[in-house]
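One structure is given here, and the rest of the page talks about it.
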Amino acid sequence: MARQFPITVHWRQENRTIQHLVTEGDYILRSFEIQGDPLPFSCRNGCCTACAVRVVNGSIDQREALGLSRELRAEGYGLLCVARATGPLEVETQDEDEVYERQFGRHFGRGRVRSGLPLDEE
Ligand code: FES
Numbered sequence: 016m017a018r019q020f021p022i023t024v025h026w027r028q029e030n031r032t033i034q035h036l037v038t039e040g041d042y043i044l045r046s047f048e049i050q051g052d053p054l055p056f057s058c059r060n061g062c063c064t065a066c067a068v069r070v071v072n073g074s075i076d077q078r079e080a081l082g083l084s085r086e087l088r089a090e091g092y093g094l095l096c097v098a099r100a101t102g103p104l105e106v107e108t109q110d111e112d113e114v115y116e117r118q119f120g121r122h123f124g125r126g127r128v129r130s131g132l133p134l135d136e137e
């Protein structure tokens with residue numbers, strides 16, 4: 016029988032702590048959804064940082080996390096949508112804007128994005 020590990024998520028924005036057993040190798044975000052606790056996400060492909068967490072205890076297997084730099088990973092940030100259970104893990108959700116800014120902010124222009132419409136039509 017496949018092993019299962021306790022995965023704990025401190026969902027800071029909701030002021031909740033959730034724990035579920037996740038089967039070894041399964042995606043954590045998906046497993047939480049199936050068990051009735053959908054967590055924040057957007058792309059589900061490891062590209063957008065909507066599901067960013069910081070590891071409090073344990074380690075995270077996220078070789079598919081395209082949208083996270085080596086520096087952010089080294090600081091303990093992870094993307095839950097592409098993280099698989101490899102052992103007991105405790106994480107806390109992050110402010111998406113904070114991680115997004117650190118991951119992408121320096122690559123994209125700052126300031127207002129214009130739609131191409133005249134201002135009075137926006
Ligand atoms: S949902 Fe987009 S990176 Fe996880």
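Position one of the sequence shown corresponds to residue 16 (this note's numbering), numbered consecutively onward. Note that beta-carbon positions come from the ideal geometry of N, C-alpha and C, so glycine has one too.
Counting only the same chain and skipping the five closest in sequence on each side, list residues whose C-beta sits under 6 Å from that of residue i.
i	result
Cys62	Leu81 and Gly82
Thr38	Ala17 and Gln19
Thr101	Asp76
Gly138	Residue 138 is absent from the structure shown; the chain starts at 16 and stops at 137.
DSSP state of residue i, grouped into three classes?
i	result
Ile49	helix
Gln28	helix
Ile43	helix
Phe56	coil
Gln118	helix
Arg18	coil
Just the C-alpha distance for residue i and residue j, rounded to the nearest angstrom, thanks.
i	j	result
Cys58	Ala17	28 Å
Leu95	Leu44	6 Å
Gly93	Val106	9 Å
Gln77	Glu113	20 Å
Pro103	Asp110	23 Å
Glu86	Ala98	17 Å
Cys73	Arg88	One detail in the question is off: residue 73 reads as Gly in this sequence, not Cys. Rounded to the nearest angstrom, the two C-alpha atoms are 13 Å apart.
Leu54	Ser84	22 Å
Arg51	Glu79	Looking at the sequence provided, one finds Gly at residue 51 rather than Arg. Rounded to whole angstroms, Gly51 to Glu79 spans 24 Å at the Cα level.
Mind checking whether the beta-carbon of residue i lies closer than 7 Å to any heavy atom of ligand 1?
i	result
Thr108	no
Asn72	no
Arg59	yes
Leu94	yes
Gly120	no
Ala89	no
Is the closest heavy atom of ligand 2 to the C-beta of residue i under 7 Å?
i	result
Phe56	This structure does not include ligand 2; its bound ligands are ligand 1.
How would you write the range of the beta strand (DSSP E) that residue i sits in, first residue to last?
i	result
Val97	Taken as a continuous stretch (DSSP letters only), Val97 belongs to no beta strand (DSSP E), as it is neither H nor E.
Output the boundary residues of the alpha helix (DSSP H) element that contains residue i.
i	result
Arg85	Arg85 to Ala89
Glu111	Glu111 to Tyr115
Which same chain residues, not among the five before or five after residue i, have their C-beta less than 7 Å away from its C-beta?
i	result
Gln118	Thr64, Gly82, Leu83, Ser84 and Leu87
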